[in-house]
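Peer 1: Okay, here's the structure, questions in a sec.
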Amino acid sequence: MSKKHTTEVKLHHYKHRRKPNRSIGGDVGIYIFLGIASLIMFFPIIFTIASSLKPLDEALKNPPDVFPRNPTTDNFTDLFVFMSRSYIPFSRYLWNTLFVTVAGTLGHVVFASMAAYVLSKYNFPGGRIFFKVAVVALMFNGYVTGVPNYIIMCKLNFVDTYWALILPAIGAPIGLFLMKQFMESFPMSVIEAAKIDGAKEITIFWKLVMPNVKPAWLTISVFSINALWNNPQTQYIYTEAKKMLVYALNTIQTGNLVARQGMANAVMVVTLSVPIIFFLFSQSQIMETMATSGLKD
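Per my numbering, residue 292 is the first one in the sequence shown, and the count goes up by one each step.
Dropping the structure here:
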């Protein structure tokens, strides 16, 4: 076999999957169990969507009904009318959130993948210590790191700018941890075969490694989008025109809560929609993270 086919052969062996050896009864039992578990887990989302379609009298009913008897979209109409009358246009809040979410997620995926590729495939002084520091950082939640992050952003003069939201998202340790664990399963022989074929390091990373670890960086994207989209980030942003959509939506619940209960239910659907839609479109690839994480060279 010529050298130009070496990379393709190695990659074919990496992508090969062994079919599970189970009986039909075992498959049926697994599907029944997964079906029941999925209904239990999906019920809060169903109830949230159903509540957003209830008129005010049904929304205030106690105990509440699961499904509305007279479904209506007036809650969403009232929400957008209310937001359009605010001092800052609704589109501005939406743009701020979209920009921060896209920039933070893209930067997080790129930098985490580049760092994970080096740490998983090459040995260099301090590499293991650096990864251990990243693992230790996973132990601290946002409340613990909030003060140090704020001090750093102040020193960099990034407070009240988008960078105060984007930089912490890019440097989140969860992406580095997941990508390194997944890239370790990518055979080094495939990379060596690509080098034999004359591919450069940057070409190997972007055109060979990244497409084959797509499930991993899609999983990271889900975590990042969920964190950025649903975080008001009021501790960093003070200017009203730069605030996030979730902050603007949360202000709806601060007034007359009884009169705005219908709009509050619609707010829940809006804040949940983007992360859920992204997950639904990428769930098949995300499931590959579990299926391929055990493969070794």
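Think of the CB as a built atom: it goes at the ideal place given N, C-alpha and C, for glycine as much as any other residue.
Determine the burial state of K491: buried for a count of at least 16 other Cβ atoms within 10 Å of its Cβ, exposed for fewer.
Peer 2: exposed
Peer 1: For R383, name the three-state secondary structure that DSSP assigns.
Peer 2: helix
Peer 1: Could you check the C-alpha separation between L385 and V424 for me, to the nearest Å?
Peer 2: 36 Å
Peer 1: For V400, collect the residues of the same chain with a Cβ closer than 8 Å to its Cβ; drop the 5 residues on either side in sequence, then sort them by chain order.
Peer 2: G466, W508, I511, S512, S515
Peer 1: Which residues mark the beginning and the end of the alpha helix (DSSP H) in which G317 is found?
Peer 2: 315-343
Peer 1: Nearest to T396 by alpha carbon, out of V537, F421, A518?
Peer 2: A518
Peer 1: Whose C-alpha, out of G417, T392, L347, G418, is nearest the C-alpha of T364?
Peer 2: Nearest neighbour of T364 by Cα position, chosen from G417, T392, L347, G418, turns out to be L347.
Peer 1: Using only the alpha-carbon positions, how far apart do M470 and K505 sit?
Peer 2: 10 Å
Peer 1: Given a threshold of 16 other Cβ atoms within 10 Å of its Cβ, counted over all protein chains shown, does S342 qualify as buried or as exposed?
Peer 2: buried
Peer 1: Using 8 Å as the threshold, is the C-beta distance between L370 and V558 below it?
Peer 2: yes
Peer 1: So, at 7 Å on beta carbons, what are the nonlocal neighbours of S329 in its own chain, with the 5 sequence-adjacent residues on each side left out?
Peer 2: none
Peer 1: Using 8 Å for Cβ pairs, my map puts P464 next to L429. What's the rounded Cβ distance?
Peer 2: Indeed they touch by this definition, with Cβ atoms about 5 Å apart.
Peer 1: So, for M332: in the same chain, excluding its five sequence neighbours on each side, which residues have a beta-carbon less than 6 Å away from its beta-carbon?
Peer 2: none
Peer 1: At the level of alpha carbons, what is the spacing between I543 and A555?
Peer 2: 7 Å
Peer 1: Within 10 angstroms of the Cβ of N353, are there 16 or more other Cβ atoms? Answer buried if so, exposed if not.
Peer 2: exposed
Peer 1: Find out if the Cβ-Cβ distance for the pair V357, F381 is shorter than 8 Å.
Peer 2: no
Peer 1: Roughly how many angstroms separate the alpha carbons of Y453 and T392, rounded to a whole number?
Peer 2: 10 Å
Peer 1: Thinking C-alpha only, which one of F390, L571, I482 is nearest Y408?
Peer 2: I482
Peer 1: In terms of residues, what are the limits of the alpha helix (DSSP H) holding S480?
Peer 2: That run of the alpha helix (DSSP H) goes 479-487.
Peer 1: Quick one: measure Cβ to Cβ for N387 and K533, integer angstroms, because I've assumed they're closer than 8 Å.
Peer 2: 6 Å
Peer 1: CA-CA distance, Q552 and T525?
Peer 2: 23 Å
Peer 1: Measuring alpha carbon to alpha carbon, tell me which residue in F468, M374, K345, R383 is nearest N366.
Peer 2: K345
Peer 1: Are V450 and M444 close, meaning C-beta to C-beta below 8 Å?
Peer 2: yes
Peer 1: Quick one: grab the DSSP three-state call for F431.
Peer 2: coil
Peer 1: Applying the criterion that 16 or more other CB atoms from any shown protein chain within 10 Å of the CB defines a buried residue, is N503 buried or exposed?
Peer 2: Counting every other CB atom within 10 Å of its CB across the protein chains shown gives N503 a total of 16 or more, marking it as buried.
Peer 1: What are the boundary residues of the alpha helix (DSSP H) that includes Q472?
Peer 2: 464-474
Peer 1: May I ask you to report which of helix, strand or coil DSSP gives P523?
Peer 2: Looking at P523 - three-state DSSP - the assignment turns out to be coil, as it is neither helix nor strand.
Peer 1: May I ask you to check if the CB of S375 is nearer than 7 Å to at least one heavy atom of the ligand FAD?
Peer 2: The ligand FAD is absent from the structure shown, which contains no ligand whatsoever.
Peer 1: Under a three-way DSSP split, which group does I528 fall into?
Peer 2: For I528, the secondary structure class from DSSP, reduced to helix, strand or coil, is coil.
Peer 1: When you compare only the Cα positions, how much space is there between F324 and I495?
Peer 2: 42 Å
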